[in-house]
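Chains as they are written, first to last, in the working numbering: chain A, 1 to 354; chain B, 1 to 276; chain C, 1 to 294. We put the CB at the ideal spot given by N, CA and C, even for glycine. On a predicted model such as this, the values are computed, not experimentally measured, just so you know.
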Amino acid sequence: MTTHLALENVSKNFGDFVAVRDFNLEVERGEFVSFLGPSGCGKTTTLRMIAGFEMPSTGKITINGNDITNNPPNQRNVGMVFQSYALFPNMTVAQNIGFGLRVRKEKEADIKDRVNEMLATIHMENKANSYPYQLSGGQMQRVALARALAIRPEVLLLDEPLSALDAKIRVSLRAEIRSIQQKLGITAIYVTHDQEEALSLSDRIVVMNVGEMEQVGSPFEVYNFPTTRFVANFVGSLNTAEAEIVDPGKGILNMDGIQLLSSNVLKDKSKGDKVTIAIRPERLSFLAEGKKENVFDGKVENITFLGSVVRVEVTIGTRKFKMDTFNRPSLNLPNIGDAIKATCSDKAVLILKD
Amino acid sequence: MNFLTRLRRFPFWAWFWFILGALYFILPLYATFSFSLSWDPADPFKAYERSFGDSRFWNSFLYSNMLALATILASIILVVPTAYWIRLRLPQARRIVEFLTLMPFVVPAIILVFGMIRIYSTPFTIPFTDIVLMQPLTNFRAGTNILIVAGYMVLSMPYMYRSVDTGMRTVDIRTLTEAAQSLGANWFTIITRVILPNIRSALLSGALLTFAIVVGEVVLASFLGVSAFGPYLFLLGQHRAYEPAALSFVSFLLTWLAMGLIQLVSGGQGQAAGAH
Amino acid sequence: MAQVSNSSGPMQATSWKVWLGVVPFFLFAVLFLLSPSFRLLTASFSAPDGSFTFDNIRQLFTEPLIVNSYRLSIQISAVTALGGGIFGFLLAYSVTVGGLPKPLRSILVTFSGVASNFAGVPLAFAFVATLGRQGFMTAILKDVFNVDMYEAGFNLYSFAGLSLVYMYFQFPLMVLIMAPALDGLKKEWREAAENLGANTTQYWLRIAMPVLLPSILGAMILLFGNAFGAYATAYALTGGRLGLVTIQIGAQIRGDVLYNPGLGYAMAVGMVIIMAVSLGGYSWLQSKTERWLK
Numbered sequence: 001m002t003t004h005l006a007l008e009n010v011s012k013n014f015g016d017f018v019a020v021r022d023f024n025l026e027v028e029r030g031e032f033v034s035f036l037g038p039s040g041c042g043k044t045t046t047l048r049m050i051a052g053f054e055m056p057s058t059g060k061i062t063i064n065g066n067d068i069t070n071n072p073p074n075q076r077n078v079g080m081v082f083q084s085y086a087l088f089p090n091m092t093v094a095q096n097i098g099f100g101l102r103v104r105k106e107k108e109a110d111i112k113d114r115v116n117e118m119l120a121t122i123h124m125e126n127k128a129n130s131y132p133y134q135l136s137g138g139q140m141q142r143v144a145l146a147r148a149l150a151i152r153p154e155v156l157l158l159d160e161p162l163s164a165l166d167a168k169i170r171v172s173l174r175a176e177i178r179s180i181q182q183k184l185g186i187t188a189i190y191v192t193h194d195q196e197e198a199l200s201l202s203d204r205i206v207v208m209n210v211g212e213m214e215q216v217g218s219p220f221e222v223y224n225f226p227t228t229r230f231v232a233n234f235v236g237s238l239n240t241a242e243a244e245i246v247d248p249g250k251g252i253l254n255m256d257g258i259q260l261l262s263s264n265v266l267k268d269k270s271k272g273d274k275v276t277i278a279i280r281p282e283r284l285s286f287l288a289e290g291k292k293e294n295v296f297d298g299k300v301e302n303i304t305f306l307g308s309v310v311r312v313e314v315t316i317g318t319r320k321f322k323m324d325t326f327n328r329p330s331l332n333l334p335n336i337g338d339a340i341k342a343t344c345s346d347k348a349v350l351i352l353k354d
Numbered sequence: 001m002n003f004l005t006r007l008r009r010f011p012f013w014a015w016f017w018f019i020l021g022a023l024y025f026i027l028p029l030y031a032t033f034s035f036s037l038s039w040d041p042a043d044p045f046k047a048y049e050r051s052f053g054d055s056r057f058w059n060s061f062l063y064s065n066m067l068a069l070a071t072i073l074a075s076i077i078l079v080v081p082t083a084y085w086i087r088l089r090l091p092q093a094r095r096i097v098e099f100l101t102l103m104p105f106v107v108p109a110i111i112l113v114f115g116m117i118r119i120y121s122t123p124f125t126i127p128f129t130d131i132v133l134m135q136p137l138t139n140f141r142a143g144t145n146i147l148i149v150a151g152y153m154v155l156s157m158p159y160m161y162r163s164v165d166t167g168m169r170t171v172d173i174r175t176l177t178e179a180a181q182s183l184g185a186n187w188f189t190i191i192t193r194v195i196l197p198n199i200r201s202a203l204l205s206g207a208l209l210t211f212a213i214v215v216g217e218v219v220l221a222s223f224l225g226v227s228a229f230g231p232y233l234f235l236l237g238q239h240r241a242y243e244p245a246a247l248s249f250v251s252f253l254l255t256w257l258a259m260g261l262i263q264l265v266s267g268g269q270g271q272a273a274g275a276h
Numbered sequence: 001m002a003q004v005s006n007s008s009g010p011m012q013a014t015s016w017k018v019w020l021g022v023v024p025f026f027l028f029a030v031l032f033l034l035s036p037s038f039r040l041l042t043a044s045f046s047a048p049d050g051s052f053t054f055d056n057i058r059q060l061f062t063e064p065l066i067v068n069s070y071r072l073s074i075q076i077s078a079v080t081a082l083g084g085g086i087f088g089f090l091l092a093y094s095v096t097v098g099g100l101p102k103p104l105r106s107i108l109v110t111f112s113g114v115a116s117n118f119a120g121v122p123l124a125f126a127f128v129a130t131l132g133r134q135g136f137m138t139a140i141l142k143d144v145f146n147v148d149m150y151e152a153g154f155n156l157y158s159f160a161g162l163s164l165v166y167m168y169f170q171f172p173l174m175v176l177i178m179a180p181a182l183d184g185l186k187k188e189w190r191e192a193a194e195n196l197g198a199n200t201t202q203y204w205l206r207i208a209m210p211v212l213l214p215s216i217l218g219a220m221i222l223l224f225g226n227a228f229g230a231y232a233t234a235y236a237l238t239g240g241r242l243g244l245v246t247i248q249i250g251a252q253i254r255g256d257v258l259y260n261p262g263l264g265y266a267m268a269v270g271m272v273i274i275m276a277v278s279l280g281g282y283s284w285l286q287s288k289t290e291r292w293l294k
């Protein structure tokens, strides 16, 4: 695998406001990378710098080792899919898809072949002569995708392409985008604020917050081993709490007088250090029989049905914890006010960086 | 490099067209104003003193203002209930009413007055007899006034109706009515206490535009033979030089005032004008 | 109201009563808008003795005086619609996407609102003071640039002069219509075009102009009708020396200058038809744009 797209120390200031700070990323050919974060975290600004709509204040962007930092947008050969589709309203579907090739002055016959090929890829051969206003939102976004891919771009950029669509279409189009990307083997950068989208689509996720990279890793890593409190809260909904280290070697911690055991590395810490721990709601369970470590006494505060999952809020010590259990007919739920025992494995107790 | 990009980004042509447009706007006004001051170097405002000292000016100007006021009131009484009823109960009449309110764009003032004179300068008779019910409207003062106010209502209808209808749409008049009804209000209370206060900025911009149209209007006024401000200014221009310039400048200021107030009440949405 | 009587059920009794609410409006429209127009229409098919005839309509196309007045009106409307349209578009462009400071836009729109409503006698006088023989600009051109416009053949009371006066309310109307249309150009279209490799010229030729074209054409048609129906400005400026359709009709109302009342009515009807066609063209093009820009 070789580095295809690279951002080196890229920053962007708007006046005094720092939109993106010291962004470093190497993307391999064919990789699908998501920028995940809340609005205003700098993910779209970074994407627009790759597209050339914004100039980095400092740093360098390269594709295949060629510096494109100062290239105008129309000389970069990166395809972009916009949140608002941005289809040209005066052109048919086929004309939209062929636009990039036509301004490149390719032969009409070649353009026609390529357009048909792209129409087949998005399964819209029968809509070739429709105008954008005759299409649904999902269809429009598929055309926008085909239009961006038709120019055989080096990199495909997608700026929250699904956020204007209905929930059902969002899920099906998500799968379609991923399968087209894998089939063509194209390098893709995907901007989203939806953690589920990022987790399901990506090879790697870059979690961003207030202009900085919080964590870079595979969906598995980011979800299961968040390194910062922000990532823990933004990706999924973690229980977090402050604790004091009792024995770094054995992984023993003290949370308000309750003893916790963690199998996660504590080597750079020493006795008495304060740390933030995190436990995923689904890693906590009621089945405490026969266990000695990490068994906590709690009281049920609230029970919420979330469809396939039941969320129980319990008070452990002075803190509230969320517990998620799969909803099944045989489930034996406690009542509000019941005293219960909750437990988790030592692997589930994560130690966050800050 | 930095200097060149800045030079490239300076919108030269945009400034060029803007300044040209600004000159086109301002030069005739400046010329009129400076000409109106040039009558007597010792007394630059002589033209204004003469104009405002003439009782015929005041008579015609007040008369035109009365016509404008009557037009505005009658338009509100006609348009508000109609627009309200169509929004609330009779959406199927929307197309035909909107079509009718746009018709004045198709029937300019000169044609309208032509047809009006043709119809209302003959007496009303009982059909198939010679029994006269009413003298022709153009034969007596009150009749002429009715005719000219009706004509002005027609000319201002596109603006008045659209303004009121847009106002009703933005405040969602149907929900307001249902809320008032559920609280036990009767129709009179609903119209006067709920509807009118909520569309007052729309009414005001419609009224001001009507004012701008009516006060200087000359076609209907001169063909129906009333001594309004428009015909007075026209006649003044036939045999005087400086007073017409002064009054032209004053009527520009009045139009400006009306439009400025519209901008103020409607939050900066420009109104497109129509037939002159 | 046929569908009302056809409808069944308990709604039937209330259905026709609901229409009572709009009776005053329709009565007003019939009395002061429809019947005057309709009377002109019937009268245009009447011979002097009251019998039915097509002669008046036929004479519209044969009587030189009338043909010339239509030609003149169409010429001046077309010239000022085109000139005012292009100039107004460039102005609207400069304050929307042209990169001028934001406050200039509201200044221009307010001015346009005033100027598009400033017509008739005061406008004519203002131009006499500007471009008349003793006008302000005429004097400046003579004294500063040593150009005598009137010696060079210009005359304010001519076709060219009246066109300049009409422009004063034509291009502001264009600004008022085009400024919102130019706002309808989405920033993303430009970005998408650039992203796909297009340069600025290609963006304007292939996307922006085709998207705007129906609005531009529609607005120019509206400008055409706006000038075609104008009377007061032309009459105040030229006193009837330029034989526009409106001026001829005005003369005919004052006295039967055509020596055939029916012909006067036919002229009026011909004018209404031209106005109706332009308004129809405008709304057709408008609906086409709205469909695109929704």
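Not one beta carbon of chain C lies nearer than 9 angstroms to the beta carbon of Trp39 (chain B). For Met134 (chain B), the number of other beta carbons within 10 angstroms of its own is below 16, and it is reported as exposed. Taking the CA atoms as reference points, Ser51 (chain C) sits about 14 angstroms from Asn260 (chain C).
In chain order, Gly88, Leu91, Ala92, Ser112 place their CB closer than 6 angstroms to the CB of Val175 (chain C), counting only its own chain and leaving out the 5 sequence neighbours on each side. Neighbours of Pro56 (chain A) in chain C, taken as residues at a C-beta separation under 8 angstroms, are lacking, since the least C-beta distance is about 17 angstroms.
Going by C-alpha positions, Ile110 (chain B) is about 14 angstroms away from Val214 (chain B). Taking a beta-carbon distance threshold of 9 angstroms, Tyr133 (chain A) counts as an interface residue toward chain C. The criterion of a C-beta distance shorter than 9 angstroms is satisfied by Val164 (chain B) and Ala202 (chain B).
Considering only C:Leu41, C:Gln59, C:Thr53, C:Phe159, the residue with the shortest C-alpha distance to Leu258 (chain C) is C:Gln59.
Between Ala241 (chain A) and Leu284 (chain A) a beta carbon distance of about 12 angstroms is seen, past the 8 angstroms cut, so the two are scored as non-contacting. Note on geometry: alpha-carbon atoms of Phe223 (chain B) and Gly115 (chain B) lie some 11 angstroms from one another. Exclusion of the five residues before and after Ala148 (chain A) leaves Gly79, Met80, Val81, Leu156 as the residues of its chain whose Cβ lies within less than 7 angstroms of its Cβ. The continuous stretches of alpha helix (DSSP H) do not include Asn9 (chain A), which lies in the beta strand (DSSP E) extending over residues 3-14. Around Val97 (chain C), the same chain offers Leu182, Leu185 as residues with beta carbons nearer than 7 angstroms, after the five sequence neighbours per side are excluded.
Assigned with DSSP and collapsed to three states, Ala278 (chain A) falls in strand. Chain order gives the chain B residues near Val18 (chain C) as Arg89, Leu90, where near means a beta carbon separation below 7 angstroms. Here Asp324 (chain A) carries a strand assignment [DSSP, helix/strand/coil]. Chain A has a Cβ within less than 9 angstroms of the Cβ of Pro210 (chain C).
Along the length of the region 37-83 of chain C, whole alpha helix (DSSP H) runs at least 4 residues long occupy 55-60, reported in chain order.
In the same chain as Val154 (chain B), and ignoring 5 residues on each side of it, the C-beta atoms closer than 7 angstroms to its own belong to Pro104, Leu112, in chain order.
Taking the Cα positions, Met118 (chain A) is about 59 angstroms away from Leu78 (chain B).
According to DSSP, residue pairing for Lys341 (chain A) in a beta bridge involves A:Asp297. Using a Cβ-Cβ cut-off of 9 angstroms, Asn117 (chain C) counts as an interface residue toward chain B, since at least one Cβ of chain B sits closer than that to its own. If you draw a 10 Å sphere on the C-beta of Asp324 (chain A), you find 16 or more other C-beta atoms in it, and that means buried. Classified as buried, Gln181 (chain A) has 16 or more neighbouring CB atoms from the shown chains inside 10 Å of its CB. For Ser36 (chain B), the nearest beta carbon of chain C is closer than 9 angstroms to its own beta carbon.
Residue contact with chain C for Val79 (chain B): present (Cβ-Cβ distance below 9 angstroms to some residue of chain C). Per DSSP, the unbroken alpha helix (DSSP H) holding Ala146 (chain A) starts and ends at 137-150.
For Ala109 (chain B), no pairing in a beta bridge is given by DSSP.
Here DSSP, grouped into helix, strand and coil, assigns Val144 (chain C) to coil.
The beta carbon of Thr92 (chain A) sits closer than 8 angstroms to those of Ala128, Asn129, Ser130, Tyr131, all from its chain and outside the five residues before and after it, given in chain order. For Asn226 (chain C), no beta strand (DSSP E) run applies; the uninterrupted alpha helix (DSSP H) run containing it begins and ends at 209-228, by DSSP. If you draw a straight line from the Cα of Asn294 (chain A) to the Cα of Leu253 (chain A), it comes to about 10 angstroms. In this structure, the beta-carbon distance from Pro281 (chain A) to Ser330 (chain A) does not fall below 9 angstroms.
Rounded to whole angstroms, the separation of the alpha carbons of Asn90 (chain A) and Ala227 (chain C) is 31 angstroms. DSSP, read as helix, strand or coil, puts Glu160 (chain A) in coil.
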